[in-house]
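Written below as C-alpha cells is the structure these notes are about.
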Amino acid sequence: MEPQKINNILPEVVEKIEQKKEEVKKEKQTFAITKKENNIPMEQNCLELGLILNTSSEEQKTGVAKRKLGNGKYVSIEATRTGELCRREDITTLLACFMLLQHSGKRKGNSFETTYYQISKILDGAGGFQYKDIQKSLGRLQENNVETNFWWDNTSGKRIIQEKFHFLTRISDREQKVVKISFDEEIAKSMEIGYVKFLKKRELSDILKIKSYHAKALILLFIKRFGGSSFIPEYKVDTILEYLGVKNRYDKLPIKKKNFNIKRTIIPAVQEAANFLGFSVTYNDTGEKDVKGNIIPDPKGQEKIRFYKEQEYLFAETTKSGAKENSLTPEERNLLEKKQKELEESIEKTNKNS
Numbered sequence: 046m047e048p049q050k051i052n053n054i055l056p057e058v059v060e061k062i063e064q065k066k067e068e069v070k071k072e073k074q075t076f077a078i079t080k081k082e083n084n085i086p087m088e089q090n091c092l093e094l095g096l097i098l099n100t101s102s103e104e105q106k107t108g109v110a111k112r113k114l115g116n117g118k119y120v121s122i123e124a125t126r127t128g129e130l131c132r133r134e135d136i137t138t139l140l141a142c143f144m145l146l147q148h149s150g151k152r153k154g155n156s157f158e159t160t161y162y163q164i165s166k167i168l169d170g171a172g173g174f175q176y177k178d179i180q181k182s183l184g185r186l187q188e189n190n191v192e193t194n195f196w197w198d199n200t201s202g203k204r205i206i207q208e209k210f211h212f213l214t215r216i217s218d219r220e221q222k223v224v225k226i227s228f229d230e231e232i233a234k235s236m237e238i239g240y241v242k243f244l245k246k247r248e249l250s251d252i253l254k255i256k257s258y259h260a261k262a263l264i265l266l267f268i269k270r271f272g273g274s275s276f277i278p279e280y281k282v283d284t285i286l287e288y289l290g291v292k293n294r295y296d297k298l299p300i301k302k303k304n305f306n307i308k309r310t311i312i313p314a315v316q317e318a319a320n321f322l323g324f325s326v327t328y329n330d331t332g333e334k335d336v337k338g339n340i341i342p343d344p345k346g347q348e349k350i351r352f353y354k355e356q357e358y359l360f361a362e363t364t365k366s367g368a369k370e371n372s373l374t375p376e377e378r379n380l381l382e383k384k385q386k387e388l389e390e391s392i393e394k395t396n397k398n399s
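Shown next, in the form of C-alpha cells:
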C-alpha cells in the first residue's frame with residue numbers, strides 16, 4: 046500500500062482503537078462495585094423514593110401520586126395519558142429486577158436479559174405473578190414519569206431536582222419469552238459512582254415475601270435512612286402517614302376511627318419494618334383518653350414512634366411499666382440512666398439535623 050494511503054488510514058484506525066478502549070473501560074466501570082457472592086447492590090435513591098410506588102386505589106384513579114419528604118422535599122409520579130399509575134406490587138417487581146441485574150448471565154451495563162419465568166420464580170414468595178401481570182408491572186415502571194427534588198447526587202454531594210425519569214427503560218421481549226430490561230440512565234449513573242447499599246440475597250428474598258406493602262415500602266426507606274448504623278430514630282405518626290400517602294385520607298376520619306386505623310394498620314407495618322432491621326418500636330400516644338378509655342390522638346399529630354435496639358427497648362419498657370426504682374440494682378440503675386441519657390442526646394441530635 047502506498048505510504049500516502051497508509052497515512053490517511055492510520056488516524057482513522059487509531060481513533061477506532063481508542064473508541065474501543067473507551068467502550069471497554071466504560072463497561073468495566075459500569076456499576077463499579079465490589080461483587081460479593083449473594084450480595085445485591087441496591088441504588089439508594091430507589092430505596093428512598095420507592096415510597097411513591099406504594100399508591101392507593103384513589104391515586105390510581107387520578108393517575109397521579111405525591112409524597113412529602115419533609116422540608117419542602119417531595120417525590121411524585123404520574124401515569125401517561127393512556128397508561129396506568131404504578132401499583133404497590135411494582136415495588137416487588139423493581140426489587141426482582143435488581144436481583145436479576147446482579148445475577149443475570151446476560152448482563153451488559155445497566156441492561157440484562159431474563160425470562161418471565163425467571164421473574165415469576167423470584168416473585169413466587171410474594172404471591173406469584175402471572176406472565177401478563179409481570180408484563181404490565183414492567184410496563185408501568187417504564188412508562189410512569191417520576192419527579193423529585195430529593196435525588197442525591199453522589200458526585201456533588203447535594204440533593205438535586207430530577208425531572209421525569211423512569212425506574213426502568215427500554216423493555217423489549219421476543220415471542221413473550223426472553224425480555225430485555227434496562228434501568229434508567231440516572232439510576233445507572235448513580236450505581237456506577239457507588240451510591241448503593243448491599244443486601245444479602247436472602248434478605249432481599251425475605252422482603253419479597255412480606256405481604257404488607259406498607260411494611261415493604263418502609264423497610265426500603267429505613268434501610269436507606271439508618272440500616273446498619275447505630276442511629277436511633279424517632280418519627281411523628283403524621284410523618285409516617287405522609288410517607289405512606291394516607292395522611293389526607295386519615296385526616297378526614299373521625300379521631301377515634303383514625304386512631305383505630307393507625308393502631309390496626311400503620312403501627313404493625315412500622316413494627317414489621319423495624320424488626321427486619323433489628324429494631325423494636327414503642328408508640329407513644331400523647332392524646333387524652335375519652336370516657337371509654339380510648340386514646341384521642343393529639344390533633345397536631347405529635348404522637349411519636351420511637352425505635353430502639355433490643356437492649357434499649359427493654360429499658361424503655363421497664364420504665365414505661367412503672368417498675369419501682371428499688372427493684373433495680375445500683376449497677377442496673379446506673380446503666381439505665383446512661384442509656385436514657387444516650388437516647389435523649391441521640392434524639393435531640395436527630396431533631397437538630399432534620
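Quick note on the working numbering: the sequence shown kicks off at 46 and runs consecutively.
Note that beta-carbon positions come from the ideal geometry of N, C-alpha and C, so glycine has one too.
Quantities reported herein were computed from a predicted structural model and do not represent experimental measurements.
**Prompt:** Using the rule of at least 16 other Cβ atoms within 10 Å of the residue's Cβ for burial, across every protein chain shown, is Y162 buried or exposed?
**Reply:** Within the sequence shown, residue 162 is the residue found at index 117, counting from 1. Answer is exposed; the Cβ neighbour count stays below 16.
**Request:** Pull up the distance between the alpha-carbon of I300 and that of P278, whole angstroms please.
**Result:** Taking the sequence shown and counting its residues from 1, one reaches residue 300 at position 255. Taking the sequence shown and counting its residues from 1, one reaches residue 278 at position 233. Distance from the CA atom of I300 to the CA atom of P278, rounded to whole angstroms, is 26 Å.
**Request:** Give a yes or no on whether the C-beta atoms belonging to K225 and E158 are separated by under 8 Å.
**Result:** By 1-based counting over the sequence shown, the position of residue 225 is 180. By 1-based counting over the sequence shown, the position of residue 158 is 113. For K225 and E158, yes; Cβs fall inside 8 Å.
**Request:** Express the C-alpha separation of K261 and V142 in angstroms, rounding to a whole number.
**Result:** Start at 1 with the first residue of the sequence shown, and residue 142 comes out as number 97. Start at 1 with the first residue of the sequence shown, and residue 261 comes out as number 216. Reading off the sequence shown, one finds Cys at residue 142, where the question assumed Val. Taking the straight line joining both Cα atoms gives about 16 Å.
**DSSP state of I114 mapped onto helix, strand, coil** = Along the sequence shown, read from residue 1 onward, the residue named residue 114 stands at position 69. The question names Ile, but residue 114 in the sequence shown is Leu. L114: strand per DSSP, three-state reduction.
**Where R204 sits in the DSSP three-state scheme** = Position 159 of the sequence shown, counted from the start, is the residue given in the question as residue 204. Strand at R204.
**Straight-line Cα distance separating G128 from L213** = In the sequence shown, the residue the question calls residue 213 occupies position 168. In the sequence shown, the residue the question calls residue 128 occupies position 83. If you take the alpha carbons of L213 and G128, they lie about 15 Å apart.
**Request:** Work out the CA separation of L139 and L145 for me, nearest whole Å.
**Result:** The residue you call residue 145 lines up with position 100 of the sequence shown. The residue you call residue 139 lines up with position 94 of the sequence shown. Across the structure, L145 and L139 are spaced so that their CA atoms are roughly 10 Å apart.
**Request:** For the beta strand (DSSP E) holding R351, just list the boundary residues, first then last.
**Result:** Here residue 351 is taken as the residue at index 306 of the sequence shown, counted from 1. For R351, the uninterrupted beta strand (DSSP E) segment begins and ends at 349-354.
**Prompt:** In the structure shown, what three-state DSSP assignment does R185 receive?
**Reply:** Within the sequence shown, the letter at position 140 stands for residue 185. DSSP places R185 in helix when its eight states are reduced to three.
**Asked** When you compare only the Cα positions, how much space is there between S372 and F324?
**Response** Position 327 of the sequence shown, counted from the first residue, corresponds to residue 372. Position 279 of the sequence shown, counted from the first residue, corresponds to residue 324. For S372, the pLDDT reaches just 43, beneath the cut-off of 50, and the residue's location in the model is therefore unreliable, leaving the point undetermined.
**Item:** Residue interval of the beta strand (DSSP E) (run including D198)
**Value:** For this step, residue 198 is matched to residue 153 along the sequence shown. For D198, the enclosing beta strand (DSSP E) covers residues 190-198.
**Message:** For a test of the three-state rule: what should DSSP assign to T160, helix, strand or coil?
**Reply:** Taking the first residue of the sequence shown as position 1, residue 160 is located at position 115. Reduced to three states, the DSSP call for T160 is strand.
**Burial state of L298 (16 or more Cβ within 10 Å)** = As a position in the sequence shown, residue 298 is number 253, starting the count at 1. By the neighbour-count criterion, in which a residue is buried when 16 or more other Cβ atoms sit within 10 angstroms of its Cβ, L298 is exposed.
**Asked** Rounded to a whole number of angstroms, what is the C-alpha to C-alpha distance between Q201 and M236?
**Response** The residue you call residue 201 lines up with position 156 of the sequence shown. The residue you call residue 236 lines up with position 191 of the sequence shown. The question names Gln, yet the displayed sequence has Ser at residue 201. Roughly 15 Å separates the two Cα atoms.
**Request:** To the nearest angstrom, report how far apart L168 and L253 are at their CA atoms.
**Result:** Looking up residue 168 in the sequence shown gives position 123. Looking up residue 253 in the sequence shown gives position 208. Between L168 and L253, the C-alpha separation is close to 7 Å.
**Item:** Given K111 as reference, the closest of H148, V191, Q175, L92 once Cα atoms are compared
**Value:** By one-based count along the sequence shown, residue 111 stands at place 66. The shortest C-alpha separation from K111 is found at V191.
**Message:** Mapping the DSSP letters down to three states, classify T127 as helix, strand or coil.
**Reply:** Residue mapping note: residue 127 aligns to position 82 of the sequence shown, counting from 1. If DSSP states are grouped into helix, strand and coil, T127 belongs with coil.
**Item:** Candidates W197, S217, E188: closest to F210 by CA position
**Value:** Residue numbering aside, residue 210 sits at position 165 when the sequence shown is read from its first letter. The option with the nearest alpha carbon to F210 is E188.
**V120 versus S149: straight-line alpha-carbon distance, rounded** = Along the sequence shown, read from residue 1 onward, the residue named residue 120 stands at position 75. Along the sequence shown, read from residue 1 onward, the residue named residue 149 stands at position 104. V120 and S149: Cα-Cα distance of roughly 30 Å.
**Prompt:** Is DSSP giving T107 helix, strand or coil here?
**Reply:** Here the question's residue 107 lines up with position 62 in the sequence shown. Reduced to three states, the DSSP call for T107 is helix.
**Request:** Alpha carbon to alpha carbon, how far is E231 from F243? Give it in angstroms, no decimals.
**Result:** As a working note, residue 243 is residue 198 in the sequence shown. As a working note, residue 231 is residue 186 in the sequence shown. The straight-line gap from Cα to Cα measures roughly 19 Å.
**Prompt:** Taking the alpha carbon of R464 as the point to measure from, which residue in D296, E248, V315, R185 has its own alpha carbon closest?
**Reply:** Residue numbering for the chain in the displayed model covers 46 to 399; residue 464 lies beyond these limits and cannot be assessed.
**Opposing strand residues paired with T214 [DSSP bridges]** = Translated into the one-based positions of the sequence shown, residue 214 becomes position 169. T214 is bridged by DSSP to S227.
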